[in-house]
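Please read the structure below before turning to the comments.
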Amino acid sequence: MIEPSPKQTAATPPADQAVTPLAPVDPAAGIDRDNWQDPDNVRWSFQNVARVLPTTPISRGVGPVAELPADLQDLGAVEVPATEYSEARSVRSVIESTDTDAWMLMHNGIVLTEEYFGEMTPSSEHLLMSVSKSLVGTVAGVLVGSGDLDPNRLVTDYVPELADSGYAGATVRHILDMRSGIRFSENYLDPNSEVRQIEESIGWSEATRESPGIGMYEFLTTLEAKSEHGGVFEYRSCETDVLGWVCEKITGERMQSLMSRVLWSRIGAEQDALIATDQYGVGMFDGGINTTLRDLARFGFVYTNRGQSLTGQQVAPTTWIGDTLTTSDDVRQAFADGPGDNRMPGGAYHNQFWFPFPDSHAFLALGIHGQMIYMNPGANVLGVKLSSWGLPQDATKMFPTIRAFEALANAVNSPAAE
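For the sequence shown, the numbering used here assigns the number 54 to the initial residue and increments by one for each residue that follows.
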């Protein structure tokens, strides 16, 4: 039986008429500084920050690229044990339910798993958000090791411009561990919070206030203290911005060139990194760095290898690595007494890193929307995950990811895996 011809409509050209293909839709269409962090846009914008914000490169230098030897395995079936918050599940289930753009697991310097999703590729630069803090903290650690930075000195000894701000009387140690007394809200969902005011001041979002666009440095001078410095831990992005300013004042160079000189050119990076800046070229130290999954792993490896990179260079001083991995009772008590529930009982925050467990060697670099480096030098395991959660903070995605990396660390070190 011959099927009748479909009814001809204006949208259905005759068979002998050439069809002009529809132009592809530009994924950047309609994305700007007003909405680039909206849930529907973050997957694209986090891989295309340079198309939305001003950026400058952090050069990889001219040294050799560190090889990433691989013995790829399917580790998706590894079980993540149940907790009071969730049932037992597989690593694959965690990866598939946490908006993963890319992830990697290394053991003894060997890549066991490396996966990319969507448009993400090995050469894609991805926004790190607050994982950037750990990179800036490492730069500070190098300056401590060289004797140029003393954590016990006052912030204002290095940045006198902050003398009339709330930072008067705060030490560099206070800001390294986020224990200043500065009034600063990190509520990402409150458009009036200080963390969002920073973004308006540096042009990361379209300003709505009467005096917008003052830049990072001037904004920091407006912050006020609400309590004595050296008290409880409270997570505040401004602390890292002040730390970056301290590093720049000590060396007389922008973080872009400073980080290239003391860190990025020494880890065997494959590509330049990028840092988003304010309108005056000052970097967004607390959350503006962009890099590839592989280069982020090369950075994280330094902390699992006593400060040495995959190329064998001593990047961070061993004394700084030792200090970072030593969390005192005072630091842990300050963390426990901090406002809010970090859901890390017995944990700590120290030198711009998170220590989620009291009885584990593991520690973390974390960024909102699902950015993470999991470092476990005791197990010789490194995990890296780049994501695009719709919400800035999501405990239902972050903690399963941490537990998944813990389960993987145990699995690859079990007798059956030998």
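Where is the CB? At the ideal position from N, CA and C, for every residue including glycine.
Owing to the predicted nature of the structure, the values given are computational and were not obtained by experimental measurement.
Three-state secondary structure assigned by DSSP to Trp257: Residue 257 sits at position 204 when you count from the first residue of the sequence shown. In this structure, Trp257 counts as coil in the three-state DSSP scheme.
Assign Tyr270 to buried or exposed, taking buried as 16 or more other Cβ atoms, counted over all protein chains shown, within 10 Å of its Cβ. In the sequence shown, the residue the question calls residue 270 occupies position 217. Buried, since its Cβ has 16 or more Cβ neighbours within 10 Å.
Contact check, Val147 vs Glu323 under 8 Å by CB: the rounded distance? Here residue 147 refers to the residue found at position 94 when the sequence shown is read from its first residue. Here residue 323 refers to the residue found at position 270 when the sequence shown is read from its first residue. Incorrect: roughly 27 Å between the Cβ atoms, too far for contact.
Relative to the C-alpha of Cys300, which candidate in Asp210, Ala462, Thr377, Phe406 has its C-alpha closest? Here the question's residue 300 lines up with position 247 in the sequence shown. Minimum Cα distance to Cys300 is reached at Asp210.
CB-CB under 8 Å to Gly171, same chain, minus the five flanking residues each way: which ones, in chain order? Position 118 of the sequence shown, counting from 1, holds the residue named residue 171. These residues qualify, in order along the chain: Arg96, Asp154.
Give the list of continuous alpha helix (DSSP H) stretches no shorter than 4 residues that lie fully inside the region 220-258. 225-229, 247-255
Who are Trp317's beta bridge partners in DSSP? The residue labelled residue 317 in the question sits at position 264 within the sequence shown. According to DSSP, which records beta bridges pairwise, Trp317 is partnered with nothing at all.
With 9 Å as the threshold, decide whether the Cβ of Arg385 is near any Cβ in chain C. Checking the listed chains, one finds no chain C in this structure; it contains a single protein chain.
Own chain, CB closer than 7 Å to Arg319, minus 5 neighbours either side, in chain order: By one-based count along the sequence shown, residue 319 stands at place 266. Correct list, in chain order: Ser362, Gln366, Val368.
I believe Val115 touches Leu128 by the beta-carbon criterion, under 8 Å. Please report the beta-carbon distance rounded to the nearest angstrom. For the purposes of this step, residue 115 is identified with residue 62 of the sequence shown, where counting begins at 1. For the purposes of this step, residue 128 is identified with residue 75 of the sequence shown, where counting begins at 1. No, Val115 and Leu128 are not in contact; Cβ-Cβ is about 36 Å, not under 8 Å.
Test item: CB-CB of Leu125 and Phe458 under 9 Å: Indexing the sequence shown from 1 puts residue 125 at position 72. Indexing the sequence shown from 1 puts residue 458 at position 405. No, they are not a contact pair.
Straight-line gap, Tyr333 to Ser183 (C-alpha atoms, nearest Å): Taking the sequence shown and counting its residues from 1, the one referred to as residue 333 is at position 280. Taking the sequence shown and counting its residues from 1, the one referred to as residue 183 is at position 130. So the alpha carbons of these two residues sit roughly 21 Å apart.
Across the region 244-261 and the region 301-309, are there enough close Cβ pairs to call them in contact, namely three or more that are closer than 8 Å? no
Report all residues from its chain with a CB closer than 6 Å to the CB of Asn404; omit the five preceding and five following residues, and keep chain order. What you label residue 404 is simply residue 351 of the sequence shown in a count that begins at 1. Closer than 6 Å at the Cβ level, and outside the excluded window around Asn404, lie Gly190, Leu229, Thr377.
What is the DSSP secondary structure of Ile111, reduced to helix, strand or coil? Taking the first residue of the sequence shown as 1, we reach residue 111 at position 58. DSSP places Ile111 in strand when its eight states are reduced to three.
Residues of its chain near Tyr169, where Cβ-Cβ distance is below 6 Å and the 5 sequence neighbours each way are ignored: Translated into positions along the sequence shown, residue 169 becomes position 116. Only Ala155 meet the Cβ criterion.
Measuring only the C-alpha atoms, how far is Glu287 from Ser238? Locating residue 287 in the sequence shown gives position 234, counting from the first residue. Locating residue 238 in the sequence shown gives position 185, counting from the first residue. Roughly 9 Å separates the two Cα atoms.
Apart from the five residues on each side of it in sequence, which residues of its chain come closer than 7 Å, Cβ to Cβ, to Met231? Looking up residue 231 in the sequence shown gives position 178. Result list for Met231: Phe286, Glu287, Tyr288, Arg289, Glu292, Tyr402, in chain order.
If Ser152 and Ser441 are in contact, beta carbons under 8 Å, what's the gap, nearest whole angstrom? Looking up residue 152 in the sequence shown gives position 99. Looking up residue 441 in the sequence shown gives position 388. For clarity, residue 152 is Asp in the given sequence; the question names Ser instead. About 5 Å separates the two Cβ atoms, so the contact holds.
Would you call the region 417-430 and the region 339-355 in contact, with 3 or more CB pairs under 8 Å? yes
Please identify the residue among Gly341, Tyr138, Asn433, Ile111 whose C-alpha is closest to the C-alpha of Ala448. Within the sequence shown, residue 448 is the residue found at index 395, counting from 1. Comparing Cα-Cα distances from Ala448 to each of Gly341, Tyr138, Asn433, Ile111, the minimum goes to Tyr138.
Flag this pair as touching only if the region 211-226 and the region 382-399 have three or more C-beta atom pairs under 8 Å; answer yes or no. no
DSSP three-state call for Ser218: helix, strand or coil? For the purposes of this step, residue 218 is taken as residue 165 along the sequence shown, with counting starting at 1. Ser218: coil per DSSP, three-state reduction.
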